[in-house]
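Chains as they are written, first to last, in our numbering: chain A, 571 to 715; chain B, 2 to 282.
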């Protein structure tokens, strides 16, 4: 049968139309699915934000703790010293534009500066302490955003 | 002019102000500091020169019709849209710019009720020039009276949204402003920012009569418009999060910081995604 045969062309056209219709219907279903997933994601995000807003204390002070103390590897220039990881937590509902944390390693004092600490956020920093010392950390100053 | 049409026109100017120039200014910490540091004479010169540019744009970007010029060649001083004199249009643009400027700065925690009055005024004056230029251009270049472009269908429209979101938010993602803004606003304001982001996207796509609105409304019920708005917003959020992971170094931060920074960056990203629909189709 030649392509010019009207009956074949008609059949072919109707086949194309059906395929297009199915394509559009399939696309619509997929688009509707993505709309629903998007809406659910937004509702979930609003829920998360609301839960954070409810549980966040209004005026808590930032706190600093020693997260971990590790010996510096022997192949490092500071071999034998201690690598102290300090964790700063801001449990308050106000962000902090800067925080100074004092780290005492025996008679040696180090200082850590943190900037832009979000409300209900935390950041970590690291200092090197001399061997054989016990690190002690405290928040020295902070500026609210 | 009916109230709804008037509100629509004001809203279009405000959204256009953000879209064309304003959002990058609002997200630049130097512009906030400039408001405090700049000498008064310098500030005055900046505002006068900037607003003169706005008058020039308002006057010249092809909006005077032949009917506005009388037979003897005298200019009637009336604009084609709404038949308003130039000074009325200029005043409206300045109002739109100040309104959206202060609303954005308040939303981002830059100004609040505790901010000294002089700083509030100075910050508004710094922001008003770029916003007004944006509003003046948007009214002419992006209004519904422009030639309509063919609209990209699903799923190609996702690419258009993503392109606009990347274009607007990629220059902001690696800057310190995202972290700074995320740190200075509380969770309540993060939620409000997300709600405003969704609202601005909806208004830009379906209410403010930006270019192509009639095509976007065609055969789309209200729930479908809302669904499309959700898609645009989620594309903005996904692009913002992706850019922050790629450029913003948030992988070591806690989940709460991810959420805050993503919402902060999603605002320009979503405005960009909606703008891409208006500009690219």
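Think of the CB as a built atom: it goes at the ideal place given N, C-alpha and C, for glycine as much as any other residue. Remember, it's a predicted structure, so these values are computed and weren't measured experimentally.
Give the C-beta separation of residue 667/A and residue 686/A to the nearest angstrom, bearing in mind that I take them to be a contact with Cβ-Cβ under 8 angstroms. The C-beta distance from residue 667/A to residue 686/A rounds to 7 angstroms, short enough to meet the 8 angstroms contact threshold.
How would you call residue 43/B, buried or exposed, if buried means at least 16 neighbouring beta carbons within 10 angstroms? Residue 43/B sits exposed, since fewer than 16 C-beta atoms from the chains shown fall within 10 Å of its C-beta.
Among all the DSSP beta bridges, which residues are the ones paired with residue 635/A? DSSP output for residue 635/A lists 657/A as bridge partner(s).
Proximal residues to residue 202/B (C-beta, below 8 angstroms), its chain only, five neighbours per side dropped: Closer than 8 angstroms at Cβ, skipping near neighbours: 230, 233, 234, 237, 271, 272, 274 and 275.
Beta-carbon proximity list for residue 702/A, same chain, < 8 angstroms, skipping 5 on both sides: So the qualifying residues of the chain are 676.
Chain B beta carbons: is any one of them nearer than 9 angstroms to that of residue 579/A? Residue confidence is low: residue 579/A scores 46 on pLDDT, short of 50, so the model does not pin down where it sits. Its coordinate-derived value is still stated next. It does not; no Cβ of chain B falls within 9 angstroms.
Is there contact between the stretch 2-22 of chain B and the stretch 691-698 of chain A, where contact requires at least three CB pairs shorter than 8 angstroms? As far as the Cβ criterion goes, the stretch 2-22 of chain B does not touch the stretch 691-698 of chain A, which means the pair count is below three.
Would the stretch 637-644 of chain A and the stretch 201-219 of chain B be scored as touching if the rule is three or more Cβ pairs under 8 angstroms? These segments do not touch.
N-terminal and C-terminal residue of the alpha helix (DSSP H) that residue 260/B is part of: Per DSSP, residue 260/B belongs to the alpha helix (DSSP H) from 256-281.
One or two residues paired with residue 652/A in a DSSP bridge: According to DSSP, residue 652/A bridges with 641/A and 699/A.
Between the CA atoms of residue 13/B and residue 3/B - distance to the nearest angstrom: A straight-line Cα-Cα distance of about 15 angstroms links residue 3/B and residue 13/B.
Terminal residues of the beta strand (DSSP E) in which residue 252/B lies: Neither: residue 252/B is in no beta strand (DSSP E) and is coded neither H nor E.
Pairwise C-alpha distance: residue 671/A and residue 211/B: Residue 211/B and residue 671/A: Cα-Cα distance of roughly 52 angstroms.
If you draw a straight line from the C-alpha of residue 46/B to the C-alpha of residue 39/B, how long is it? In this model, residue 46/B and residue 39/B are separated by some 11 angstroms (Cα to Cα).
Step through the CB atoms of chain A and report whether any lies within less than 9 angstroms of the CB of residue 260/B. So, interface residue.
Per DSSP, residue 683/A forms a beta bridge with which residues? Checking the DSSP bridge columns, you'll see residue 683/A partnered with 670/A.
Cβ-Cβ distance between residue 17/B and residue 135/B below 9 angstroms: Closer than 9 angstroms, so yes.
Would the stretch 192-201 of chain B count as touching the stretch 49-61 of chain B if we require 3 or more Cβ pairs under 8 angstroms? As far as the Cβ criterion goes, the stretch 192-201 of chain B does not touch the stretch 49-61 of chain B, which means the pair count is below three.
Scan the stretch 685-710 of chain A for residues whose Cβ lies nearer than 7 angstroms to a Cβ of chain B and list them as they occur along the chain. Of all residues in the stretch 685-710 of chain A, 686, 687, 688, 689, 690, 691 and 692 have a Cβ within less than 7 angstroms of some Cβ in chain B.
Between residue 608/A and chain B, is any beta-carbon pair separated by less than 9 angstroms? Cβ-Cβ to chain B under 9 angstroms: yes for residue 608/A.
Verify the CB distance criterion: does residue 637/A have a CB-CB separation below 9 angstroms to chain C? Absent from the structure is chain C; the protein chains it does hold are A and B.
Pair within 9 angstroms by beta-carbon distance, residue 239/B and residue 194/B: In this structure, residue 239/B sits away from residue 194/B, with a CB-CB distance that is not shorter than 9 angstroms.
Residue environment, residue 313/B, which counts as buried when at least 16 other CB atoms sit within 10 Å: Any property of residue 313/B remains undetermined from this structure, which presents chain B solely from 2 to 282.
Under 8 angstroms from the C-beta of residue 619/A: neighbouring residues of chain B: Those are 188, 191, 192, 195, 260 and 264, listed as they occur along chain B.
Taking beta-carbon pairs under 8 angstroms, can you tell me which members of the stretch 232-259 of chain B lie near chain A? Against chain A - using a Cβ distance shorter than 8 angstroms - the residues of the stretch 232-259 of chain B are 232, 234, 235, 238, 253, 254, 255, 257 and 258.
What does residue 604/A reach in chain B if we use C-beta pairs closer than 7 angstroms? Those are 232, listed as they occur along chain B.
Would residue 599/A be called buried (16 or more neighbouring beta carbons within 10 Å of its own) or exposed? When all chains shown are included, residue 599/A counts as exposed.
Count the C-beta pairs between the stretch 606-624 of chain A and the stretch 647-656 of chain A that are closer than 8 angstroms, then say yes if the count reaches three, no if not. Proximity of the stretch 606-624 of chain A to the stretch 647-656 of chain A falls short of the contact definition, fewer than three beta-carbon pairs being nearer than 8 angstroms.
Please work out which residues of its chain come closer than 8 angstroms, Cβ to Cβ, to residue 164/B, disregarding the five sequence neighbours upstream and downstream, and give them in chain order. Counting only Cβ-Cβ distances below 8 angstroms, and skipping sequence neighbours, we find 277 and 281.
Chain-order list of residues whose beta-carbon lies under 6 angstroms from that of residue 28/B (same chain, five-residue window excluded): Excluding sequence positions up to five before and after residue 28/B, its CB lies within less than 6 angstroms of the CB of 173 and 178, all in the same chain and listed in chain order.
Under a CB-based cut-off of 9 angstroms, is residue 601/A close to chain B? Yes - at least one Cβ of chain B is within 9 angstroms of the one on residue 601/A.
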